[in-house]
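Here's the structure, in structure tokens; my notes come after.
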């Protein structure tokens, strides 16, 4: 007991914490080291003699002979055994010093670049003007956030007789038949070269420099591209940060402001019913379940609709967009997620927000429901009334009346300025760390790098959770560090188990030096595949498409080990066609899924929420109208409170926190997070509860009154 008491006293001493910090132990490492040190002393049967004597002197109260501070040398020695980096802390700090990113790009610093910022909202022509300059240059590079955007510029450039190559993570297409590099290239931003000189570079959607996961790619392009002119396009909210960043490189920024080319009107009325849909309407949902539900309700009214959501292959998205845009096609309604925010040209007259709250994942990886930001709302709403389309002005509203005031509030706010630019450790930095810490895992190397890294106020280190997830997943597989790093940067959705297990199999076979052949991949994916009959099958086909993408991505990094890229690309195109058939018949798949799901079971959708649970609950709500259970009614009560407390990011900053703290504990919000309820169902339940409460059919208050009076009666009898 005395030993433990004195160890805890040692831990709490400010002087000891200060000494730990001087020796490289920040608060987190200090705590971990102490827990290990305490366990060593309390459980070890072979504590060194000198440490044993010190502990004895302290515990016996020999003030002149022993003080808890005397434990520090032993504590530090133990800490260095579990954290070897403490011995080379100075070197590691130098390697992880991220305070001068412009110096990482000497080729760009050797030339004086001209920076032109094309600032404006969606549909203002800002990117058009930058692309015109790109096409007129002797050489150029376009850097976009999506494969669809890179492909569009590739197509547009070659159609204008300006030879242009396409480079994405999974694809290389040469304009010249002999595979000579063309002077122009359109690429996804992660793939841009910082060594090749160009006359003009275009960096699209510059505001994504703040993105917690991908922001580093925009920072790298902005600081590192070797081009005489850099044209950046995006929200005015990024102007100040870009100007500050360029000040550190000695380069001036010319700002060109653009106004929206067609008017956009926020309507004074909500849609309220799908019976009020008109040609050119787009209903925006924030979960797949809502996509399925709304599209089925539209079809039940005898209308055709196109469907676009994030996990669909690019080819399917383009086909659905083409179907919706075609004036001769009977499909006049679009149901989509915020995937339409960029990358697709759509002839939309009116944007209708089905909901203005969106499922998000917080820094702890937990699902939360949060209102959309002003930036997101403007990006989506701005898709209505595109310049050059058949609709000369755009309109925006909500599905539900009580969401409209909040949407107007969100759209009226200024977009907050972009505060910082993302950074990410390079393979070279991680290799240098590994040289000093040969026994550390890649996941630990990244952790140590981030904890030691120093950045100035204009930068932040991007979220590395996906990287660490993959690093931990393949840790047991023997790979050299560079190969391991490449596997961990593979672009995949870690919520898709089939894709994750495939990466694991790829890495295992790679480590045995066995090439991943076309035949192996066909066996693994059970190719050829049939058209989907249920939603679950459609979701699996989307995952298989992602597996093919993963193969192609790895084939450009390890060509000898993933040798059959051409064959895989061919079957991926066939799979795209199969998925398109499924999406065109999506309402049939929903019906089949509902009839196939046995009572009490759930068919799980990989993105957002479980599907059939929600649908089952929706059926219960509709089939048993007027016979809702007490629990369902209590959910409606909480839902009413939840919506009354809804977030208004502008005027009611404190209220947003109130909702978050309220929502975490509320049954309604928990069920929303778990996908057991949708916003639509909450509204329906609330409405039913209010009707029943007015009619006195299920008056919860009267039930409590009855209970109260019976208690009073029992008291009187006693």
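Numbering (this note's numbering), first residue to last: 6 to 723.
Cβ atoms here follow ideal geometry from the backbone N, Cα and C, with glycine treated the same way.
The model shown is predicted, which means the values in this text are computed figures rather than measured ones.
Excluding its 5 nearest sequence neighbours in each direction, residue 348 has C-beta neighbours in its own chain below 6 Å: 151, 153, 154, listed in chain order.
Within the same chain, Cβ atoms closer than 8 Å to the Cβ of residue 543 are found at 537, 584, 587, 588, 591, 594, the five residues on either side in sequence being excluded. Looking at the DSSP output, residue 374 sits in a beta bridge with 364. CA-CA distance, residue 123 to residue 81, rounds to 55 Å.
Looking at the DSSP output, residue 585 sits in no beta bridge, so it has no partner there.
Between residue 345 and residue 401, the CB-CB gap reaches or exceeds 9 Å. Residue pairing for residue 190: DSSP places it in a beta bridge opposite 146, 170.
A Cβ-Cβ separation of about 6 Å places residue 558 in contact with residue 496 under the 8 Å criterion.
When C-beta atoms of the region 422-435 are compared with those of the region 223-233, three or more pairs fall below 8 Å, so the two segments count as touching. With contact defined as three or more Cβ pairs closer than 8 Å, the region 322-329 and the region 386-402 are not in contact. In this structure, DSSP gives residue 156 a helical state, which the three-state scheme calls helix. Taking one beta carbon from each stretch, the region 108-127 and the region 381-398 have 3 or more pairs nearer than 8 Å; the two touch. Every beta strand (DSSP E) stretch that sits fully inside the region 428-511 and reaches 3 residues is listed by chain position as 464-466. Within 10 angstroms of the beta-carbon of residue 193 lie 16 or more other beta-carbons, which makes it buried.
Using a Cβ-Cβ distance cut-off of 8 Å, the region 86-101 and the region 204-213 are not in contact, since fewer than three pairs of beta carbons, one from each stretch, lie closer than that value.
In the DSSP assignment, residue 262 falls outside any alpha helix (DSSP H) and within the unbroken beta strand (DSSP E) covering 258-262. Excluding five sequence positions before and after residue 406, the CB atoms of its chain that fall closer than 7 Å to its own CB belong to 275, 277, given in chain order. Beyond the five residues adjoining it in sequence on each side, residue 447 comes within less than 6 Å, by CB distance, of 476, 489 in the same chain, given in chain order. Per DSSP, the unbroken alpha helix (DSSP H) holding residue 48 starts and ends at 32-48. Cβ-Cβ distances below 8 Å link residue 289 to 341, 342, 343, 345, 356, 357, 358, 359, 385 in the same chain, with the five nearest sequence neighbours on each side left out; the list follows chain order. DSSP places residue 96 inside the alpha helix (DSSP H), whose first and last residues are 94-100. For residue 234, DSSP records a beta bridge to 119, 205.
The C-beta distance from residue 131 to residue 238 rounds to 5 Å, short enough to fall under 8 Å. Apart from sequence neighbours up to five positions away, no residue of its chain approaches residue 58 with a beta-carbon distance below 7 Å.
Minimum Cα-Cα distance from residue 195 among the listed residues 22, 222, 20, 63 corresponds to 222. Ranked by Cα distance from residue 15, the first of 73, 219, 301 is 73. Distance from the CA atom of residue 387 to the CA atom of residue 133, rounded to whole angstroms, is 16 Å. Cβ-Cβ separation between residue 205 and residue 165: approximately 14 Å, too far for a contact (criterion under 8 Å). Apart from the 5 residues on each side of it in sequence, residue 339 sits with its Cβ closer than 6 Å to the Cβ of 287, 311, 329 in its chain, given in chain order. As computed with DSSP, residue 355 is found in a beta bridge with 286, 400. Membership of residue 87 in the alpha helix (DSSP H) is indicated by the continuous run 77-87. In the three-state scheme derived from DSSP, where H, G and I count as helix and E and B as strand, residue 548 is classed as helix. Nearest neighbour of residue 573 by Cα position, chosen from 552, 40, 6, turns out to be 552.
DSSP, read as helix, strand or coil, puts residue 570 in helix.
Less than 9 Å separates the beta-carbon of residue 241 from that of residue 420. Linking residue 52 to residue 45 through their CA atoms gives a straight-line distance of about 8 Å.
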